[in-house]
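In this note's numbering, the protein residues as written are 631 to 907.
Each residue gets a CB set at the ideal place from its N, CA and C atoms; glycine is no exception.
One structure is given below, encoded as structure tokens.
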Ligand SMILES: C[S@@+](CC[C@H](N)C(=O)[O-])C[C@H]1O[C@@H](n2cnc3c(N)ncnc32)[C@H](O)[C@@H]1O
């Protein structure tokens, strides 16, 4: 079949933007290039993958799982049901951590990406700064399989450790970055998320605060004297996370940031760092 015929077929079943995204991804083209190839014949293997993806999406699967691909910070990450689909706001966390690391920490800084899932945070930081020493950890061995696929695809060096938070962590780091599960069981969650993404990547006890409290309670044992802790947080959790910081850490400076939607989404905790603009 031709590219334009597949687009027509797909548009009858799913949203037209998704049809184009699937074909562009499978043909390794961007949108503009796709429109220049409308009369090309599509190989039967690609046609088969296209129809399979359309079917999965029609039946409620997120497009990223149907394509086994998500673009995060300009990099292609493999994803499937073993990991959370990386979100746009997490790109903003990476942007800020990268900024602070470059500004306040030496080039060879050591970073622990706790609750790493697909590895999107730690691997992107390593891609941006090859001198960083990166450790990626998660409780889920299945998530870590995906993380290792991504590490290999991106040809990056990083240590991968299966660990219930700090249980198997034995080193000290300059920076701990984490996007832990933070949805309260009482929160409303989109059906497509609830039905597809791993629940252990989503939910946290104590009204969503479980992981922040556990991390803050023992992180000092795993940090150097000068450090940065960076969290992604739920948009209604800022005040309560700040309370936890006061409870467990002393002599720290804290910066909170909103995401592009104007929601409180990031917390950065610095110790022994002389903050300047
Ligand atoms: C919200 S997802 C974040 C994934 C990835 N860092 C991202 O930003 O897309 C949270 C991750 O925490 C992991 N996790 C859940 N409980 C954990 C625990 N006790 N210790 C370590 N990781 C845990 C889950 O397996 C999941 O991969």
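### Query
So, using beta-carbon positions, are residue 740 and residue 803 closer together than 8 Å?
For the purposes of this step, residue 740 is taken as residue 110 along the chain shown, with counting starting at 1. For the purposes of this step, residue 803 is taken as residue 173 along the chain shown, with counting starting at 1. Taking a C-beta distance under 8 Å as the contact criterion, residue 740 and residue 803 qualify as a contact pair.
Could you have a look at residue 754 and say whether DSSP puts it in helix, strand or coil?
Taking the chain shown and counting its residues from 1, one reaches residue 754 at position 124. Of the three classes helix, strand and coil, the one that applies to residue 754 here is helix, per DSSP.
Cα-Cα separation, residue 695 to residue 711:
Against the chain shown, residue 695 aligns to sequence position 65. Against the chain shown, residue 711 aligns to sequence position 81. Straight-line spacing of the CA atoms in residue 695 and residue 711 works out to 7 Å.
| request: Please confirm whether residue 633 and residue 653 have their CB atoms less than 8 Å apart. | output: For this step, residue 633 is matched to residue 3 along the chain shown. For this step, residue 653 is matched to residue 23 along the chain shown. At the C-beta level, residue 633 and residue 653 come within 8 Å of one another.
>> Can you look up residue 665 in the DSSP assignment and give me helix, strand or coil?
In response: Taking the first residue of the chain shown as position 1, residue 665 is located at position 35. Assignment of residue 665 by DSSP, reduced to helix, strand and coil, places it in the helix class.
Notebook entry, point to check: Do the CB positions of residue 845 and residue 814 come within less than 8 Å of each other?
Noted result: Taking the first residue of the chain shown as position 1, residue 845 is located at position 215. Taking the first residue of the chain shown as position 1, residue 814 is located at position 184. No, Cβ-Cβ distance for residue 845 and residue 814 is not below 8 Å.
* Any chance the CB of residue 745 is under 7 Å from a heavy atom of ligand 1? -> As a working mapping, residue 745 is identified with position 115 in the chain shown. The answer is yes for residue 745.
When the distance is taken between beta carbons, is residue 709 closer than 8 Å to residue 748? Indexing the chain shown from 1 puts residue 748 at position 118. Indexing the chain shown from 1 puts residue 709 at position 79. Using a Cβ distance threshold of 8 Å, residue 748 and residue 709 count as a contacting pair.
Exercise. Spell out the partners DSSP gives residue 792 in its beta bridges.
Key: To locate residue 792, count along the chain shown from 1; it is residue 162. Partner(s): 768.
Hey, is residue 714 close to ligand 1, as in C-beta under 7 Å from one of its heavy atoms?
Here residue 714 corresponds to residue number 84 of the chain shown, with the count starting at 1. Flag set: Cβ of residue 714 near ligand 1.
| message | I'd like to confirm something about residue 773: is its beta-carbon nearer than 7 Å to some heavy atom of ligand 1, or not? | response | Here residue 773 refers to the residue found at position 143 when the chain shown is read from its first residue. Yes, since a heavy atom of ligand 1 falls inside the 7 Å radius drawn around the Cβ of residue 773.
* Asked: Mind checking residue 754: buried by the 16 CB within 10 Å criterion, or exposed?
  -> By one-based count along the chain shown, residue 754 stands at place 124. Label assigned to residue 754: buried.
Check whether the region 886-906 and the region 849-862 touch, using three or more Cβ-Cβ pairs below 8 Å as the test. The region 886-906 vs the region 849-862: in contact.
Item checked: Rounded C-alpha distance that separates residue 839 from residue 635 -> The sequence position of residue 839 within the chain shown is 209, counting from 1. The sequence position of residue 635 within the chain shown is 5, counting from 1. Approximately 50 Å between the Cα atoms of the pair.
- Query: Just the Cα atoms here: how many angstroms apart are residue 693 and residue 830?
  - Reply: As a working note, residue 693 is residue 63 in the chain shown. As a working note, residue 830 is residue 200 in the chain shown. Between residue 693 and residue 830, the C-alpha separation is close to 21 Å.
- Item | Beta carbon of residue 751 nearer than 8 Å to that of residue 713 | Start at 1 with the first residue of the chain shown, and residue 751 comes out as number 121. Start at 1 with the first residue of the chain shown, and residue 713 comes out as number 83. No, the Cβ-Cβ distance between residue 751 and residue 713 is not below 8 Å.
Subject >> Proximity to residue 703 [Cα-Cα], best of 682, 683, 726 and 689 >> reply: Residue numbering aside, residue 703 sits at position 73 when the chain shown is read from its first letter. Out of 682, 683, 726 and 689, 726 has the C-alpha closest to the C-alpha of residue 703.
- prompt: Which residue or residues does DSSP assign as beta-bridge partners of residue 849?
  reply: Taking the first residue of the chain shown as 1, we reach residue 849 at position 219. DSSP lists no partner for residue 849.
Is residue 751 near ligand 1, in the sense that its beta carbon is under 7 Å from a heavy atom of that ligand? Looking up residue 751 in the chain shown gives position 121. Yes, Cβ of residue 751 sits closer than 7 Å to a heavy atom of ligand 1.
* Asked: To the nearest angstrom, how far is it from the Cα of residue 771 to the Cα of residue 743?
  -> As a working note, residue 771 is residue 141 in the chain shown. As a working note, residue 743 is residue 113 in the chain shown. Roughly 15 Å between the two C-alpha positions.
task = Verify whether the separation of the beta carbon atoms of residue 811 and residue 833 is less than 8 Å.
result = By 1-based counting over the chain shown, the position of residue 811 is 181. By 1-based counting over the chain shown, the position of residue 833 is 203. In contact: residue 811 and residue 833 (Cβ atoms closer than 8 Å).
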